[in-house]
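Peer 1: Here it is, the structure in full.
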Amino acid sequence: MDPQRRFDRATALLDAGEFDAAGEPLLEAAEGGHAKAASMLGRLLCLNPRPWLPRDAPGDPEPWLRRALELDRGDRQAALLLASLLDRELLEMRPQEPWDQDIDPDDAESDPDEEPDPEEAWEAEIARRHDEVIALLDGLLAADPGDAAAAVGLVSLHAAAWDHHVEESGRDGPPLPESDEAGRALLASLVEAARRATDLDPSDAFAVSALAAALRWSGAPDAAEWEQRFAVLCPEWMDADSEPPPAREGVPSEGRYGWYVLEFGQMADNYGTNSFDRVVTADLGELRWACGKLLGHLRGSPFRQIDQDDGQPPECLTLSVYDAGRHVADVDLVPYLRTAPDAAPVVDWAAFDPPRPASPPLPPGRPALAWLSLGADAVHYGFSDDPRYYC
């Protein structure tokens, strides 16, 4: 069977919700050089929890997204997803220590006759990935200057670099001292990216929020204006005793997209702390499949129920729904858990009707702002580990 026929078979299975059955023909088509198959395989693998897989194993989405771009340089979705994936990898890398990392010595800017310095090699690897994300997203914007998803992706990248600088420098709050030249440069990049993104889509809550915060740190006079714009977009995030701001002409009062966030909380250490991994997608079928993959790792380990009296925090599984950019509903999935024949917990999706967003689906690869168990944060399509346990 040629790659196109394998790809057609895979898409038919995906349309029928048979994600697991679609894997083999999709893999065969991608291995046969089918560009769309490689792109689709990379996208679906973004949803599959992979903490135990080596970086370049077949179950890792990165090599397939790179292969898709090799086969089709114009594959916008593959470029967005690869940029998003690398952005999340940078979140893991920045707080880590370099000493025990597997780094290519060629990435270190040192004398080839000398032993490479781990810190230099680690910083070079972070810089290389940071620059690659910029190149991917700048390339999309060069092809289409109105590509808001790529512009918001740049906001995510620069906001994460800025947040890491604030944490490392121990800053308690704005304004940023004039003496912090490195911080000033990072802040300028963030403001530039956020202004561009809000010009393209003034209803994007993440870009508006990032711009408001960056302007406050900069001491800019229009910081309050952008904070007000964010309050109009997301009044549900205001303090309970605060009056919601009135609607204003020319200021968007809702976002464009809808999506789901699945959060899985489980005990992470001996101190009774829960970690929260998550899956983000706008497709309920994809979410059900990803949820099954996530719970499949718990075979033989049933959830600790809330009423357990063992002194440990309960495990939780929550589906959050976003519509028009706003957090509109939460569904506790624990009451719908059943035990499958292989002893893995599964969600009985037929037992309830999950809320469905009415707005267009959030495009894969475009970051969004969500209210999570750990607070407000940018979320990306696919599976993400709890950021507190990266290192």
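Residues in the sequence shown are numbered consecutively from 1, following the numbering used here.
Heads up, the beta-carbon is just placed ideally off N, CA and C, and yes, glycines get one too.
#1: Span of the beta strand (DSSP E) holding Cys316?
#2: On the three-state DSSP scale, how would you describe Val379?
#3: For Pro221, does the three-state DSSP call read helix, strand or coil?
#4: Taking the alpha-carbon positions, what's the Leu317 to Pro245 distance?
#5: Within 10 angstroms of its Cβ, does Phe352 collect 16 or more other Cβ (buried), or is it exposed?
#6: Would you kindly work out how many angstroms separate the C-alpha atoms of Arg278 and Ser156, rounded to a whole number?
#7: Count the other CB atoms, across all protein chains shown, that sit within 10 Å of the CB of Thr281; report buried if there are 16 or more and exposed otherwise.
#8: Rounded to whole angstroms, what is the Cα-Cα separation between His130 and Glu119?
#9: In the DSSP assignment, find the unbroken beta strand (DSSP E) run with Leu372 in it and report its ends.
#10: Does the beta carbon of Trp217 sit closer than 8 angstroms to a beta carbon anywhere in chain C?
#11: Over what stretch of residues does the beta strand (DSSP E) that includes Val347 continue unbroken?
#12: Would you say Cys46 and Gly382 are within 8 angstroms of each other, going by their C-beta atoms?
#13: Round the Cβ separation of Gly365 and Ala324 to the nearest angstrom and send it over; I've been treating them as touching at under 8 angstroms.
#14: Name the residue from Ala290, Leu294, Met238 whose alpha carbon lies nearest to the alpha carbon of Gly375.
#15: Look up Ser275 in the DSSP assignment and say whether it is helix, strand or coil.
Peer 2: A quick look at the data gives this:
#1: Run containing Cys316: 316-323, per the beta strand (DSSP E) assignment.
#2: The answer is strand: DSSP assigns Val379 an E or B state.
#3: Note: Pro221 maps to coil in three-state DSSP.
#4: Distance between the alpha carbons of Leu317 and Pro245: 33 angstroms.
#5: Within 10 angstroms of the beta-carbon of Phe352 lie fewer than 16 other beta-carbons, which makes it exposed.
#6: Near 18 angstroms, if we compare the C-alpha coordinates of Ser156 and Arg278.
#7: Buried, because 16 or more other Cβ atoms sit within 10 Å of the Cβ of Thr281.
#8: For His130 and Glu119, the gap between their C-alpha atoms comes out near 16 angstroms.
#9: Segment 368-372, the beta strand (DSSP E) holding Leu372.
#10: Within the model displayed, chain C is absent; a lone protein chain is all it includes.
#11: Note, Val347: beta strand (DSSP E), 345-347.
#12: In this structure, Gly382 lies closer than 8 angstroms to Cys46 by Cβ.
#13: Gly365 to Ala324, Cβ: 20 angstroms. No contact.
#14: In terms of Cα proximity to Gly375, the closest of Ala290, Leu294, Met238 is Met238.
#15: Note: Ser275 maps to strand in three-state DSSP.
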